[in-house]
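Here's the structure we're looking at; comments come further down.
There are 2 protein chains.
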Amino acid sequence: MAKKTVQVGLLGLGTVGAGVCRLLQMNSEQINRRAGARIEIKKILVRDKKRKREAAVAPQLLTTDPQEILRDPAIDVIIELIGGVQEAHTHITEALRHKKFVITANKDLMATAGADLLALAREKGLNIYYEASVGGGIPLIRPLKYSLGANRIERIMGIINGTTNYILTKMSLEGMDFDTALAEAQAKGFAEQDPANDLEGTDAAYKLCILAGLAFNSRVRFEDIHVQGIGGINQRDVFYARELGFGIKLLAIGEEIAAPAAAAFDPATGAASASEAESDSRSGSAASSGPSTLPGRLALRVHPALLPLTHPLASVLYENNALFVVGNAVGEVMFYGAGAGALPTASSVVADLIDAVRNINHEVENGIMEADFQPKKFVPKEALFSAFYLRLQAKDEPGVFASLATAFGQEGVSLDMILQKRSIAGIAEIVLVTHEVEEKNFNRALGRIQKTPAIKELNSVLRVIGK
Amino acid sequence: MAKKTVQVGLLGLGTVGAGVCRLLQMNSEQINRRAGARIEIKKILVRDKKRKREAAVAPQLLTTDPQEILRDPAIDVIIELIGGVQEAHTHITEALRHKKFVITANKDLMATAGADLLALAREKGLNIYYEASVGGGIPLIRPLKYSLGANRIERIMGIINGTTNYILTKMSLEGMDFDTALAEAQAKGFAEQDPANDLEGTDAAYKLCILAGLAFNSRVRFEDIHVQGIGGINQRDVFYARELGFGIKLLAIGEEIAAPAAAAFDPATGAASASEAESDSRSGSAASSGPSTLPGRLALRVHPALLPLTHPLASVLYENNALFVVGNAVGEVMFYGAGAGALPTASSVVADLIDAVRNINHEVENGIMEADFQPKKFVPKEALFSAFYLRLQAKDEPGVFASLATAFGQEGVSLDMILQKRSIAGIAEIVLVTHEVEEKNFNRALGRIQKTPAIKELNSVLRVIGK
């Protein structure tokens, strides 16, 4: 029997919690109409009932006892917004045990325990919704699960940390240095007082766990990702990058390097290759199994990278986020928007709530991919392929370029771009961009260069992402 | 009882039809797993069984008799890809009568008869899926319906015609003239041999009918949209626009101009305005009705416009499409990708097919917004607000700027930018950009200018979209 009112328990009333209350008030008529029921917040878990709050909620809704929510049979859905892993995990597990649907914006929890919690939810005939855990208000989880569901995802590439993107944009467009840009980000509330989690790429890597898990149908742990932060990026690198036609972005990249059986095709025309046409005619039915989805190896990384200014991700500026996805049918698509903020994040939470309420009232079977995770292998760091950007100081003397070229050549690394401006006091600043190369070869070349007497200092090494 | 195999009838085996067959073969294992059933194409309607085809399908699947598909009780879903309005309408109506779910990529049909067909589908407990009718492979329909479902959509702004975007990009980035760019678009298959439908904005306006109907929950007819094509755009305009920091794009814009009751708020912080905080405390419950969704008036238009180069839509190049959406919670989001092509479009069709199969097997209640269309008023063309760009030839003599400024000033139009380069043979080319103004005032100012003796020729008038 469809419920006319669905009661919700809210765990946490911080920025996002207040945003959710506010959005439910602001657009109540539309939200209730789309959910097909009246949504009512019955209880809100807080740490301190007396604290003055932004959100205008009736005091009698507040409680400090989680069990008042988790064990209330009248509550069908809980929204977990307390953050952190341990406590949230305990509450969500208990909520599932009490047959409640779960909505969470908890990135750390979904990155570390998401697969297990989703499996538990499925076992109970419930679901966990987590659109808000990555990318704030940008629709990412639902499009990956549903809209792109017919695609084998080949690559995802995201700007999914607003703090670092804000800093890099300020450095690039306004010529600001790193420290000033960071201070401004902190002043504007885009960066925490201890910004390590953002700057070192940890935040982006957790988000990549969630997105890559979904995109590639696999369990991804933080440890499976090669992570490097934006520390050490210098104003000069940003300047040279622009001169060469690149922006510098902190990118989270996931790729499935397909097994060799997958055949080539042209996504624009859909023209079948000869070998596939053969297999089609043999099979005799339009829907028979053609070339299948062979599990590939996953290459997962978070690092700053030079990206051509013509790439759609290069125009994602300041605190904005975006995810660029390459599917084997759709080609390239991108999702762009505000990656954080009270109301944008609430937009995702309440979209999940509408879905949850519809599912409660219509007993929809839940979860289409999460419990299907397949074990996949990961590509070790040394076997990743990238082009590289280097900035170095060398003695301005004959033969320096030759010795550089030799060092690279001996390891099979070829050069794509070279830039040298006027030298000062006998020292020239040289910028090099290599063609794409396996990391282990590049590292060997780097070792050779560092031993070259004419090279005084190696200032920067950054990866270059071509497309 | 869940069906292990769901049989599908395909109407049409052109480019997209072939793409659908190909995608069902290519990713069959994954598609069937996500659908929860084996998907099988049982019959394909074609006009000529003997024609040689790209798609490798068994000849026995082909039929020239639509009734073989529409009346086959074993077929649960039809995919309509024949295009055109009349025949497709007849087939879809008949399919619904025979209790079949419908998937269509038919933009013209959904724009002109979508609301009625969706109502009929709902009445029958079925659904019509039409993700592929707009934006090819880009997820647009599903995000508007679900991911952004908690938002009151304030504005949608799209580059939804690949042909015109290709031509304008070639003119802007490669300095090509209009005719050469059009010829190249035709040679590459991005433009039809008769390109009027694209160039005049008709194609974009049909797509706007569908998107605006969904975004603003209203029935939108082609006649409700103010349409202007890209004819007459000159290489000089593209050049000046770039100099002033703009790109020129054919934009499809829909806005809901809210009733005055809606209160101001800051989407980034979610800070409540004073009046709303009051209404909240009166209501006493977090989920009670706050400021409600009052129906506003819709302003709908398709026209070329100058757009700041920093706008996310400005970097949508060549044949790509994108939709920029502003919601009252999420703020600004954008969806980007290939707006056409066999496999991208098939990606959307098969995503719909997965949904349809899941709905067939789990008896989900269907359609959440389409049957809720509310009647809304439309803003007449004269009452739209835009800034304007003008290019004109004037005698190079004292007092010309003064007479221009006077003509504008008398109608309350203020100027934002003025550009004049060296004059040739006593004639100066002048470029003006106005501040935002109501169209009827601008038109009166234009009338005054055309009567000014020093103005020899008015070359171009284009709208400027600020944000």
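Protein sequences appear in the order of chains A and B. The opening position of the first sequence corresponds to residue -8 in our numbering, with each subsequent residue numbered one higher. The opening position of the second sequence corresponds to residue -8 in our numbering, with each subsequent residue numbered one higher. Virtual Cβ for every residue (Gly too), placed ideally from N, Cα, C. Predicted model, so just to flag it, every value in this text is computed and none were measured.
Item, Value
"Selected residue, minimal CA-CA separation from F326(B), among K240(B), R44(B), I129(B)", "I129(B)"
"Rounded separation between F379(A) and T301(A) - CA only", "18 Å"
"Interface flag, M148(B) vs chain A, CB-CB below 8 Å", "no"
"N312(B) at chain A interface by Cβ criterion, 8 Å", "no"
"Boundaries (first-last residue) of the alpha helix (DSSP H) holding Y157(B)", "153 to 164"
"Own chain partners of E429(A) with C-beta closer than 7 Å, once the 5 adjacent residues on each side are dropped", "A374, F376"
"Of the residues F392(A), Q384(A), G438(A), the one placed nearest N450(A), counting alpha carbons only", "Q384(A)"
"Assigned secondary structure, E323(A) (DSSP; H/G/I helix, E/B strand, else coil)", "strand"
"Where the beta strand (DSSP E) containing I22(A) begins and where it ends", "That residue, I22(A), is in no beta strand (DSSP E); its alpha helix (DSSP H) goes 19 to 26."
"Exposure label - A178(A); buried when at least 16 CB within 10 Å", "exposed"
"Contact residues within the segment 125 to 143 of chain A, judged by C-beta distance below 9 Å to chain B", "G127, G128, I129, P130, L131, I132, R133, P134, K136, Y137, S138, L139, G140, A141, N142, R143"
"Chain A within 8 Å of I345(B), Cβ atoms only", "yes"
"Any C-beta of chain A under 8 Å from that of P299(B)", "no"
"Contact between the segment 27 to 41 of chain B and the segment -1 to 15 of chain B (3+ Cβ pairs under 8 Å)", "yes"
"Beta carbon proximity, Q401(B) to chain A, threshold 8 Å", "no"
"Cα-Cα separation, T81(B) to E234(B)", "52 Å"
"Contact with chain A by A296(B), beta-carbon distance below 8 Å", "no"
"Any C-beta of chain B under 8 Å from that of I456(A)", "no"
"Where the beta strand (DSSP E) through H294(B) begins and ends", "288 to 299"
"Cut-off 7 Å between Cβ atoms - residues of its own chain near S276(A), not counting five sequence neighbours on either side", "Because S276(A) carries a pLDDT of 37, less than 50, the predicted location of this residue cannot be relied on, and no value is offered for it."
"Enclosing beta strand (DSSP E) for V424(A) [first to last residue]", "418 to 425"
"Segment contact flag, the segment 406 to 413 of chain A with the segment 325 to 340 of chain A, C-beta cutoff 8 Å, min 3 pairs", "no"
"Bounding residues of the beta strand (DSSP E) (the contiguous stretch that carries E71(A))", "66 to 71"
"Cutoff 7 Å; reference D67(B); Cβ partners in own chain excluding five residues on either side", "V(-3), Q(-2), K91, F92, I351"
"K34(B) - partner residues in DSSP beta bridges", "G0(B)"
"As assigned by DSSP and simplified to three states, the class of N97(A)", "coil"
"Supposed close pair G332(B), G127(B) - CB separation, criterion 8 Å", "6 Å"
"Contact set for M167(A): own chain, Cβ-Cβ below 7 Å, skip 5 residues either direction", "K161"
"Residues of its chain near A313(A), where Cβ-Cβ distance is below 7 Å and the 5 sequence neighbours each way are ignored", "G149, I150, L304, V307, M325, F326, Y327"
"Sub-8 Å separation of E310(B) and N188(B) beta-carbons", "no"
"Contacts of V460(A) in chain B (Cβ-Cβ under 8 Å)", "Outside the displayed range of chain A (-8 to 458) lies residue 460(A), so it cannot be described from this structure."
"Within-8 Å CB hit, L334(A) to chain B", "yes"
"CB contact check: A176(A) to chain B, cutoff 8 Å", "no"
"Exposure of E240(B), with buried meaning 16 or more beta-carbon neighbours within 10 Å", "Before going further, note that residue 240(B) is Lys rather than Glu in the sequence given. When all chains shown are included, K240(B) counts as buried."
"Interface positions of the segment 406 to 427 of chain A facing chain B (Cβ-Cβ less than 9 Å), listed along the chain", "none"
"Near-chain A residues of the segment 8 to 23 of chain B - C-beta to any C-beta below 8 Å", "A9, G10, C12, R13, L14, L15, Q16, M17, N18, S19, E20, Q21, I22"
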